[in-house]
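**Student:**
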Amino acid sequence: MAGAGQVSTGTTPNSPKSGAIPESRMARALREASIAGALAGVLGFFFLALRTDIVTGGLEVTTRWGLWLAAIGIVFAGRLALNLFYFGRDWGGGKATKSAARAVLPSGKLVGRAALAFALVLPFFFMAFFPNKDRQYIDLSILIMTYVMLGWGLNIVVGLAGLLDLGYVAFYAVGAYSFGLSAQYLGFGFWMALPMAGLLAATWGLILGFPVLRLRGDYLAIVTLAFGEMIRIVLINWNDFTGGPNGISGIPKPTFFGLEIGRGEGSFGDVFGLPYDPIHRFVFLYYIILALALLTNFVTMRLRRLPIGRAWEALREDEIACRSLGINTRNTKLSAFSIGAMFAGFAGSFFATRQGFISPESFTFLESAIILAIVVLGGLGSQIGIVIASVVMIGGIEMLRNLDFLKHIFGPSFEPSEYRMLIFGLAMVVIMVWKPRGLVSTREPSATLKEKKLIGADQVAQGEGH
Amino acid sequence: MEYFVQQLINGLTLGSIYGLIAIGYTMVYGIIGMINFAHGDIFMIAAFIALATFLVLTTVLGITFLPLVLMLALIVSMFFTSAWGWTVERLAYRPLRGSFRLAPLITAIGMSIVLQNFVQVTQGARVKPLPPQIQGGLELMSGSTDAGTINAQLSYMQMIIIATTFVLMIAFSLLISKTPLGRAQRACEQDRKMASLLGVNVDRTISLTFIMGAALASVAGLMFMLLYGVIDFYIGFLAGVKAFTAAVLGGIGSLPGAMLGGLLIGLIEVFWSAYFTVEYKDVAAFAILAIVLIFMPSGLLGKPEIEKV
Chain E
173 MAGAGQVSTG
183 TTPNSPKSGA
193 IPESRMARAL
203 REASIAGALA
213 GVLGFFFLAL
223 RTDIVTGGLE
233 VTTRWGLWLA
243 AIGIVFAGRL
253 ALNLFYFGRD
263 WGGGKATKSA
273 ARAVLPSGKL
283 VGRAALAFAL
293 VLPFFFMAFF
303 PNKDRQYIDL
313 SILIMTYVML
323 GWGLNIVVGL
333 AGLLDLGYVA
343 FYAVGAYSFG
353 LSAQYLGFGF
363 WMALPMAGLL
373 AATWGLILGF
383 PVLRLRGDYL
393 AIVTLAFGEM
403 IRIVLINWND
413 FTGGPNGISG
423 IPKPTFFGLE
433 IGRGEGSFGD
443 VFGLPYDPIH
453 RFVFLYYIIL
463 ALALLTNFVT
473 MRLRRLPIGR
483 AWEALREDEI
493 ACRSLGINTR
503 NTKLSAFSIG
513 AMFAGFAGSF
523 FATRQGFISP
533 ESFTFLESAI
543 ILAIVVLGGL
553 GSQIGIVIAS
563 VVMIGGIEML
573 RNLDFLKHIF
583 GPSFEPSEYR
593 MLIFGLAMVV
603 IMVWKPRGLV
613 STREPSATLK
623 EKKLIGADQV
633 AQGEGH
Chain Z
14 MEYFVQQLIN
24 GLTLGSIYGL
34 IAIGYTMVYG
44 IIGMINFAHG
54 DIFMIAAFIA
64 LATFLVLTTV
74 LGITFLPLVL
84 MLALIVSMFF
94 TSAWGWTVER
104 LAYRPLRGSF
114 RLAPLITAIG
124 MSIVLQNFVQ
134 VTQGARVKPL
144 PPQIQGGLEL
154 MSGSTDAGTI
164 NAQLSYMQMI
174 IIATTFVLMI
184 AFSLLISKTP
194 LGRAQRACEQ
204 DRKMASLLGV
214 NVDRTISLTF
224 IMGAALASVA
234 GLMFMLLYGV
244 IDFYIGFLAG
254 VKAFTAAVLG
264 GIGSLPGAML
274 GGLLIGLIEV
284 FWSAYFTVEY
294 KDVAAFAILA
304 IVLIFMPSGL
314 LGKPEIEKV
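In order, the protein sequences belong to chains E and Z. To convert, count from 1 in the first sequence and add 172; that's the numbering used here. To convert, count from 1 in the second sequence and add 13; that's the numbering used here.
#1: Which same chain residues, not among the five before or five after Q19 of chain Z, have their C-beta less than 6 Å away from its C-beta?
#2: Use the C-beta contact count for Q171 of chain Z: other C-beta atoms within 10 angstroms, 16 or more gives buried, fewer gives exposed.
#3: Could you please give me the residues that DSSP links to A260 of chain Z through a beta bridge?
#4: What are the boundary residues of the beta strand (DSSP E) that includes E590 of chain E?
#5: Would the beta-carbon of G37 of chain Z fall within 7 Å of that of G226 of chain Z?
#6: Can you list, in chain order, the residues of the segment 105-129 of chain Z whose Cβ is nearer than 7 Å to any Cβ on chain E?
#7: For M14 of chain Z, collect the residues of the same chain with a Cβ closer than 7 Å to its Cβ; drop the 5 residues on either side in sequence, then sort them by chain order.
#8: Report the CB separation of A516 of chain E from G347 of chain E in whole angstroms; it is logged as a contact under 8 Å.
#9: From I48 of chain Z to T258 of chain Z, what does the alpha carbon distance come to, in whole angstroms?
#10: I need the boundaries of the alpha helix (DSSP H) containing V134 of chain Z, first residue and last residue.
#11: List the residues of chain E that R139 of chain Z touches, going by C-beta distances under 9 Å, in chain order.
#12: Can the beta-carbon of L64 of chain Z be found less than 7 Å from the beta-carbon of M236 of chain Z?
#13: For the alpha helix (DSSP H) containing L79 of chain Z, list its first residue and its last residue.
#14: Around the C-beta of W237 of chain E, are 16 or more other C-beta atoms found within 10 angstroms, so that it is buried, or is it exposed?
#15: Taking 6 Å as the limit between beta carbons, can you name the residues of its chain near R196 of chain Z, skipping five residues before and five after?
#16: Going by DSSP in three states, P479 of chain E sits in which element: helix, strand or coil?
#17: Output needed for V384 of chain E: all residues of its chain with C-beta closer than 6 Å, excluding positions within five of it in sequence on either side, in chain order.
#18: What does DSSP give as the partner residue(s) for D225 of chain E in the beta ladder?
#19: Using the Cβ count rule (16 or more neighbours within 10 Å means buried), how would you classify R488 of chain E?
#20: I163 of chain Z lies in the beta strand (DSSP E); which residues open and close that run?
#21: Would a C-beta distance cut-off of 7 Å place G275 of chain Z and Y42 of chain Z closer than the cut-off?
#22: Using DSSP with H/G/I as helix, E/B as strand and the rest coil, what is G628 of chain E?
#23: To be precise: take each residue of the segment 195-214 of chain E, compare its Cβ to all Cβ atoms of chain Z, and keep it if any distance is under 8 Å. Which residues remain?
#24: Would you kindly work out how many angstroms separate the C-alpha atoms of G550 of chain E and L315 of chain E, rounded to a whole number?
#25: Listing by chain order, which chain Z residues have their CB less than 7 Å from the CB of P608 of chain E?
#26: State yes or no: is the beta carbon of F299 of chain Z nearer than 7 Å to at least one beta carbon in chain E?
#27: With DSSP as the reference, label A268 of chain E as helix, strand or coil.
#28: Identify every residue that forms a DSSP beta bridge with I189 of chain Z.
#29: Round the Cβ separation of Q136 of chain Z and T224 of chain E to the nearest angstrom and send it over; I've been treating them as touching at under 8 Å.
#30: Checking contacts by CB at 7 Å: is I48 of chain Z closer than that to chain E?
#31: Taking F642 of chain E as the reference, give the member of E:Y458, E:E539, E:F257 and E:I499 with the closest Cα.
#32: What did DSSP end up calling A275 of chain E once you bin it into helix, strand or coil?
#33: Please look up how many angstroms separate the CB atoms of K316 of chain Z and D245 of chain Z, rounded, as I've assumed it's under 8 Å.
#34: Using DSSP's beta-bridge definition, name the partner residues of F529 of chain E.
#35: L332 of chain E to I163 of chain Z, Cα distance in whole Å?
#36: Reducing DSSP to helix, strand and coil, say where F301 of chain E ends up.
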C-alpha cells in the first residue's frame, strides 16, 4: 500500500538500544524503509500477490509476484525518500514541528469576494476560454456548487451547532424525492416544488431530531446514520410509491419564469432572440445552484449574528454553560437540525431537476461521508474552507476520470477510473493527517469586543454534541 | 414452535458474528473515544484473507483434512488481519491522537473507503462464492404443520460459530480482567494521561487494542465466509454498521454490552425476516436502536456519562 510510506510520523525517539552512539541518518532511514517495505509485503501478500477469481467449477488462485514486489519496492523507496528529505527537518530532536498553525490561504474577505466574482462569471469564462470543453466544465461546476451548498448546509449542524450528523444525505433524499414524486403525481414544476422540498426536509429534520436530542455526540452520530439508512431502505422497498430501486425518471427541468430552456416556439431562446444552444440549459442550472448556494451562505452568515446563531455557537462551545444561562438547548438543537435539513432539501430538489432521474443509489452513506468530509477538511465553521474542499475533493475525483493516458503506460486493460475512490479515500486521510483543523485553519469569531480579527481554529471548540 | 427454535438458532449465529465485530468497535471506543469506521472493512479484509488461505491450502498445497485447513486459515487470517488493523491505526489514527474529535472520524471514513476500493481493485468487484464446507447437523425437533414438516436443525457450522464465540468471549473477558495487558487497557480507558504517568505505554496499549479487535474481526470474517459462502468487497459496510449499532445498543465501551447488543441485533433481524418482511429487517434493527437510546441514552449496559464542569 502506498500510504504505508509514512509509518512513523513524528514519534521517533532516539533509538534506545544504541545508547551514546547516534545512528547515522542513512542507516536509520534504511532500517525504517525496510520495515515499511516488509510491512507492505505482509499487507499486500493476500491482495497483490494472490488473486482469487471465479472459474468454472469454483474459485482459483492466481499469483502476481511482479505486482507484489513492485509494491514493496515503491513503499520502500517512498519511505526512504520521506525519511531522508521530509522527516529530515526535525531529525533527532523528536519534537513535532509547529509551523502548521498558519492558514494555507488567507480566509479574509478578499478571497471570498474574488471567489464570488469568479463564480458569477464562471460560465462565460469557460465559454470564452474552453469552447470545446465548456459544457463539461460547467457541468462539473454545477456538481461542485451542489456540494458547496450541501457543505454549507451541514456546516450549520456540525460546524456551528456542533452536532455530529452522519445521515445528512437523508434530507437530501427527502428533497429530491419530494420533487420527484410531486412532479410525477401532482405535476409540480421545479419552482413550485423547491419551497415544498425545503419545508418537507425541515419537517423531517424536526421529526428525526426530536428523539435524538438527549443523545451524546457519538450516539447521535449512529442514530443519524441509522435514520439515513432507514430512509434509503424505505425508498428502495416502497415500490408502488417511490418506484423502488428503479427510481423516478422524467423529472421536469426548471423553467425561466415559465419559459422552457430548450428548442422551439415559446422557449427561452425564442423569446429573447437567442439561437438555440444546448449550453443555455447548463448555464441556467449553474446560476440556479449558485443562487441557492449563495442563499445558504447568506442565511447562515445572517443567522450567526442573530440570537439563534449565537446560541448555536454557544451550544458548541459548552452545553452546560449554555443551559445555565437559560438557553433552551432543545429548541436550539432542533432549529439547527431543521435549518440544515432545509438546505439539504433545496439541494436535493435541485439535484432531481438536474439529473432528471433519481434513485436510492444516489443517497448512500458514502454521500453523507463525502459531505461531512468536505465540511471537516475545509475547516469546520469556515465558509470559504468548504468551497476550497469541494473544489479539491469533488473536482479532484472528477478529474481522475480523465486519466486515460495512463492506459498507454499500463496497457489497455488498465482502468484508471477504478482508482478514483481509492485515491479519494487516501486524499481524505492525508489531508486530515496533514491539517487536522482543515485546510483553512483560521476562524472568524461572530462576537467580538473591540476589533474583528481572525483567530486560530484551535481556539474554537468542535462540539461534543452532548 | 420448531420454526421459532430454528429462527432462534439462526439469530444466535448471526448475533455471534455481529458480537465479535462489535467488540472491536467498543474496545476502540472505550480506549480512545473514536468510532473506528474502518473496522467493518477490516472484517471484510479478514474474510478475503481467509478465503485466499483456504484456497491455497486446499488447491495448491492439497491438504484435505478440513479441521486442519480451517485452523491454519484462522491463524493466518488472524495474523495478517492484525497487521492490517495495526497499520490502519498507525497511519490514520496515531498522528491525530490528541487532535480534535472529528479528525480521526474523517480519517476512519477515508480508510474505510481506501480498504474497500483497494480490495475491489486488487481482487475484482465480483462476489466470490465458496461452496459450503461443513455440512450436516443435529436435528433438534421435528413437527408437522399444515405446510408440511418443519425441522429445527442445529447445523455443525452453527454449533462451531456459537461455541467459538462463547469460548472467545470467556477468554477475552479473562484477558481484560486478569492480565497486565487488560489492566493497562482499563487504565488507559479511565485516564490516558494518568496511565502514561504511571508507566503504562499508552501507544502500545492502543496498538494492541487495535490488533485484538482485528483478530476478533478475523474470526468473524472466517465464520461469515463459511456460513454464507459468498463474500465481496462491500460486506464490510453493512456488517460494520450493524456491529456498530450492536455496540451502541449494548452501551458503547462495555464488552458484555457489545456481545448482548450483537445477539439482540442478530435476533431482531432474523425474527423480523421470519415473521414480517425481509426487506425491512435493517429498518427494524435501527428502529429498535433508536427506541432503546431514547429511553436509555447510554445503551443497555453502558455506564451513564457523568458531565464534568
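By construction, the Cβ of each residue, glycine as well, lies at the ideal position given by its N, Cα and C atoms.
**Tutor:** In brief:
#1: Same-chain partners within the cutoff: A165.
#2: It counts as buried.
#3: Beta-bridge analysis with DSSP links A260 of chain Z to no other residue.
#4: Per DSSP, E590 of chain E belongs to no beta strand (DSSP E) and is neither H nor E.
#5: Cβ distance < 7 Å, so G37 of chain Z and G226 of chain Z count as in contact.
#6: Along the segment 105-129 of chain Z, the positions whose C-beta sits under 7 Å from a C-beta of chain E are A105, P108, L109, S112, F113, R114, L115, A116, I119, T120, I122, G123, M124, I126 and V127, read in chain order.
#7: Closer than 7 Å at Cβ, skipping near neighbours: G156.
#8: A516 of chain E to G347 of chain E, Cβ: 6 Å. Contact.
#9: Straight-line spacing of the CA atoms in I48 of chain Z and T258 of chain Z works out to 11 Å.
#10: Residues L115 to Q136.
#11: Those are D225 and I226, listed as they occur along chain E.
#12: No.
#13: Going by DSSP, L79 of chain Z is part of the alpha helix (DSSP H) stretching over L79 to V101.
#14: By the 10 Å Cβ count, W237 of chain E comes out exposed.
#15: So no residue of the chain qualifies.
#16: The three-state reading of DSSP puts P479 of chain E in helix, counting H, G and I together.
#17: Within the same chain, and ignoring the five residues on either side of V384 of chain E in sequence, the residues whose Cβ sits closer than 6 Å to its Cβ are L392 and V395.
#18: E:E232, per the DSSP bridge assignment.
#19: R488 of chain E comes out buried.
#20: For I163 of chain Z, the enclosing beta strand (DSSP E) stretches over residues G161 to S168.
#21: In this structure, G275 of chain Z sits away from Y42 of chain Z, with a CB-CB distance that is not shorter than 7 Å.
#22: Looking at G628 of chain E - three-state DSSP - the assignment turns out to be strand.
#23: Close to chain Z, meaning a Cβ-Cβ distance shorter than 8 Å, are the following residues of the segment 195-214 of chain E: L211 and V214.
#24: Taking the straight line joining both Cα atoms gives about 17 Å.
#25: Near P608 of chain E (Cβ distances below 7 Å), the residues of chain Z are L109, S112, F113 and A116.
#26: With a threshold of 7 Å between beta carbons, F299 of chain Z makes contact with chain E.
#27: Its pLDDT being 44, under 50, A268 of chain E is placed unreliably by the model, and the measurement read from it follows with that caveat. DSSP places A268 of chain E in coil when its eight states are reduced to three.
#28: Listed as beta-bridge partners of I189 of chain Z by DSSP are no residues whatsoever.
#29: Between Q136 of chain Z and T224 of chain E a beta carbon distance of about 6 Å is seen, short of the 8 Å cut, so the two are scored as contacting.
#30: So yes, I48 of chain Z belongs to the interface.
#31: Because chain E spans 173 through 638 in this model, residue 642 of chain E falls outside it and cannot be assessed.
#32: Low local confidence applies: a pLDDT of 43 at A275 of chain E is under 50, so the model's placement there is unreliable, with the coordinate-based value given in what follows. Correct three-state label for A275 of chain E: coil.
#33: Contact between K316 of chain Z and D245 of chain Z does not hold, since their C-beta atoms are separated by about 38 Å, which reaches or exceeds 8 Å.
#34: In the DSSP output, where bridge partners are listed per residue, F529 of chain E has E:S421.
#35: Separation of L332 of chain E and I163 of chain Z (C-alpha to C-alpha, rounded to the nearest whole angstrom) is 58 Å.
#36: Helix at F301 of chain E.
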